[in-house]
Amino acid sequence: MRQSLAATVTPAFWAYAFTCLVLSLNLLTLWVSSGAIRAKGGVAINPEDGARYGAPVSELDPPAVARLLRAHRNAEATIYPFLLLGMVYVLAGGGAAIAVPIFTIFIAARIAHSIVYLRGKQPWRTIAFATSLLAVIALMAAVLHVLLTA
Amino acid sequence: MRQSLAATVTPAFWAYAFTCLVLSLNLLTLWVSSGAIRAKGGVAINPEDGARYGAPVSELDPPAVARLLRAHRNAEATIYPFLLLGMVYVLAGGGAAIAVPIFTIFIAARIAHSIVYLRGKQPWRTIAFATSLLAVIALMAAVLHVLLTA
Amino acid sequence: MRQSLAATVTPAFWAYAFTCLVLSLNLLTLWVSSGAIRAKGGVAINPEDGARYGAPVSELDPPAVARLLRAHRNAEATIYPFLLLGMVYVLAGGGAAIAVPIFTIFIAARIAHSIVYLRGKQPWRTIAFATSLLAVIALMAAVLHVLLTA
Numbered sequence: 006m007r008q009s010l011a012a013t014v015t016p017a018f019w020a021y022a023f024t025c026l027v028l029s030l031n032l033l034t035l036w037v038s039s040g041a042i043r044a045k046g047g048v049a050i051n052p053e054d055g056a057r058y059g060a061p062v063s064e065l066d067p068p069a070v071a072r073l074l075r076a077h078r079n080a081e082a083t084i085y086p087f088l089l090l091g092m093v094y095v096l097a098g099g100g101a102a103i104a105v106p107i108f109t110i111f112i113a114a115r116i117a118h119s120i121v122y123l124r125g126k127q128p129w130r131t132i133a134f135a136t137s138l139l140a141v142i143a144l145m146a147a148v149l150h151v152l153l154t155a
Numbered sequence: 006m007r008q009s010l011a012a013t014v015t016p017a018f019w020a021y022a023f024t025c026l027v028l029s030l031n032l033l034t035l036w037v038s039s040g041a042i043r044a045k046g047g048v049a050i051n052p053e054d055g056a057r058y059g060a061p062v063s064e065l066d067p068p069a070v071a072r073l074l075r076a077h078r079n080a081e082a083t084i085y086p087f088l089l090l091g092m093v094y095v096l097a098g099g100g101a102a103i104a105v106p107i108f109t110i111f112i113a114a115r116i117a118h119s120i121v122y123l124r125g126k127q128p129w130r131t132i133a134f135a136t137s138l139l140a141v142i143a144l145m146a147a148v149l150h151v152l153l154t155a
Numbered sequence: 006m007r008q009s010l011a012a013t014v015t016p017a018f019w020a021y022a023f024t025c026l027v028l029s030l031n032l033l034t035l036w037v038s039s040g041a042i043r044a045k046g047g048v049a050i051n052p053e054d055g056a057r058y059g060a061p062v063s064e065l066d067p068p069a070v071a072r073l074l075r076a077h078r079n080a081e082a083t084i085y086p087f088l089l090l091g092m093v094y095v096l097a098g099g100g101a102a103i104a105v106p107i108f109t110i111f112i113a114a115r116i117a118h119s120i121v122y123l124r125g126k127q128p129w130r131t132i133a134f135a136t137s138l139l140a141v142i143a144l145m146a147a148v149l150h151v152l153l154t155a
């Protein structure tokens, strides 16, 4: 079985797989942190949690949790389209020479975005988001180019 | 490298790639607009933004921004499953004759949904959402059919 | 066309396709339910819905709807990374012997999470979430293993 698909594991596919691993870790870290910080903060968003841990229940999250969830939602809004487009690029036969710089810039911009969002640093957050957006647009152009020259 | 995967770029794959590009644009436009309209509205959701731009800080978004974020979340809730299932359909060898109408109807319904959601037009928003949902269900049936006849 | 990709439909790919179908159904059921329960509850989140159905408009959802949306967001936060990583695993030539147990545990944990979240059962919700998280981490390790031994 592995032999029949060995042709898939090109350098571009390898770069994509690595990108998918790192960005999934980025997303899951933000998500797990939001729950952990809510629990540590001694508040509960579900009545059953409040009853279990003796914590007050609030539909509105404390500021640190709400910030983590905003960072997570921003990450989701850019990372999922990027990974779906990246898969298309690689499966269409796109090369590593274009994939590696785009994937690298996107990873760096997304990790930077998470860090500076949590630290409340501006204008770095806007710069990191804009850079990640430019990488998505570059990937869209690369997908179009590969499709039209395939 | 491109040669080894050339077999992948079938008409169905081409249709999928185009669908992925258009729907990613749809998602990113909604997401970027929500931030742009919040900034133009003179409100900030993060204290560091309020300090930087001299804007009042509010945890609750103004109605126009909240509406864009609801449209975005509805788009995410349907588009990501659709694109993941579409990739499975195409990689399983599903043909373009079924993929093209399903992808076309889904794209049209999602773009219509974004437009009528932002304009507050009912029952068109519900009709557009229901149509996009039917397209997802049709795609699920198509995936099952391809798998069972592969 | 189908012949050229027939090599793709390995047992691991079949398991992935089934996983993608079940988890997409899980996500869509939660999402559609949140809208249906809001409508049945006689409240509207958009003014045009309130005007149409003679329902009071509130930016904050009633508790049952907010709970469904939290369950949905938790599902999205884990299922999308899992499905993207699962696709990478299968396309890299990963075998079914590792994929099937990981996919099965993840599916069971996610469906259990949806059910116990909606019923407000603790500590089962935390146990189900932690199990699904361990399955994602196992899948990441499996992806790394396949890549490094490909």
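Residue numbers (this note's numbering), protein chains in the order written: chain A, 6 to 155; chain B, 6 to 155; chain C, 6 to 155.
Glycine residues also receive a C-beta, built at the ideal position from the N, C-alpha and C atoms.
What you are looking at is a predicted structure, and each value in this text was computed from that prediction instead of being measured.
Quick one: does residue i have its CB under 8 angstroms from some CB of chain B?
i, result
"A:Tyr21", "no"
"A:Ala133", "no"
"A:Arg43", "no"
"A:Ala104", "no"
"C:Val14", "yes"
"C:Met145", "no"
"C:Leu90", "no"
"A:Ala56", "no"
"A:Val141", "yes"
"A:Thr136", "no"
Using a Cβ-Cβ distance under 8 angstroms, would residue i count as near chain C?
i, result
"B:Gln8", "No answer about B:Gln8 holds up, because its pLDDT of 40 lies below 50 and its placement is not dependable."
"A:Tyr85", "yes"
"A:Asn51", "yes"
"A:Ser29", "yes"
"A:Leu32", "yes"
"B:Leu152", "yes"
"A:Leu149", "no"
"B:Val70", "no"
"A:Leu26", "yes"
"B:Val93", "yes"
"B:Ala60", "no"
"B:Ala82", "yes"
Within the same chain, show all residues whose beta-carbon is closer than 7 angstroms to that of residue i, passing over the 5 residues directly before and after it, in chain order.
i, result
"B:Ala133", "Ala114, Ala117, His118 and Val121"
"C:Leu35", "Leu73, Ala76, His77, Ala80 and Ser119"
"C:Met145", "Leu90"
How long is the line joining the alpha carbons of residue i and residue j, rounded to whole angstroms?
i, j, result
"C:Arg75", "C:Leu123", "10 angstroms"
"A:Leu90", "A:Leu139", "14 angstroms"
"C:Leu152", "A:Phe23", "9 angstroms"
"B:Pro52", "A:Leu28", "27 angstroms"
"B:Leu33", "B:Glu81", "10 angstroms"
"C:Gln8", "C:Phe18", "Note on C:Gln8: pLDDT 40, under 50, position unreliable in the model; the coordinate value appears next. Distance between the alpha carbons of C:Gln8 and C:Phe18 is about 16 angstroms."
"B:Ala147", "C:Val37", "21 angstroms"
"A:Ala143", "A:Thr154", "16 angstroms"
"B:Gly125", "C:Ser39", "19 angstroms"
"C:Pro16", "A:Ala97", "23 angstroms"
"C:Leu26", "B:Thr109", "21 angstroms"
"B:Gly46", "A:Leu88", "32 angstroms"
"B:His150", "A:Pro128", "51 angstroms"
"B:Val14", "C:Tyr58", "48 angstroms"
"A:Ile107", "C:Ile112", "33 angstroms"
"B:Leu30", "B:Thr83", "15 angstroms"
"B:Val105", "A:Ala41", "44 angstroms"
Determine, for residue i, whether the minimum Cβ-Cβ distance to residues of chain A falls below 8 angstroms.
i, result
"B:Trp129", "no"
"C:Gly125", "yes"
"C:Arg115", "no"
"C:Arg75", "yes"
"C:Leu96", "yes"
"C:Ala155", "yes"
What do you reckon, are the CB atoms on residue i and residue j nearer than 8 angstroms?
i, j, result
"C:Tyr21", "C:Val95", "yes"
"C:Leu60", "C:Val48", "Reading off the sequence, residue 60 of chain C comes out as Ala, not Leu. Yes, they are a contact pair."
Closer than 8 angstroms by C-beta to residue i: which residues in its own chain qualify, once you throw out the five before and the five after it? Chain order, please.
i, result
"A:Pro86", "Val141"
"A:Met92", "Tyr21"
"A:Thr131", "none"
"B:Ile50", "Arg43, Val62, Ser63, Glu64 and Asp66"
Ignore the nearest five residues each way along the sequence and tell me which others in residue i's own chain have a CB closer than 6 angstroms to its CB.
i, result
"B:Thr5", "Here chain B comprises residues numbered 6 to 155, so residue 5 of chain B is not present and cannot be evaluated."
"A:Asp54", "none"
Item to complete: Take every Cβ of the segment 61-72 of chain C, pair it with every Cβ of the segment 88-107 of chain C, and state whether three or more of those distances are shorter than 8 angstroms.
Response: The segment 61-72 of chain C vs the segment 88-107 of chain C: no contact.
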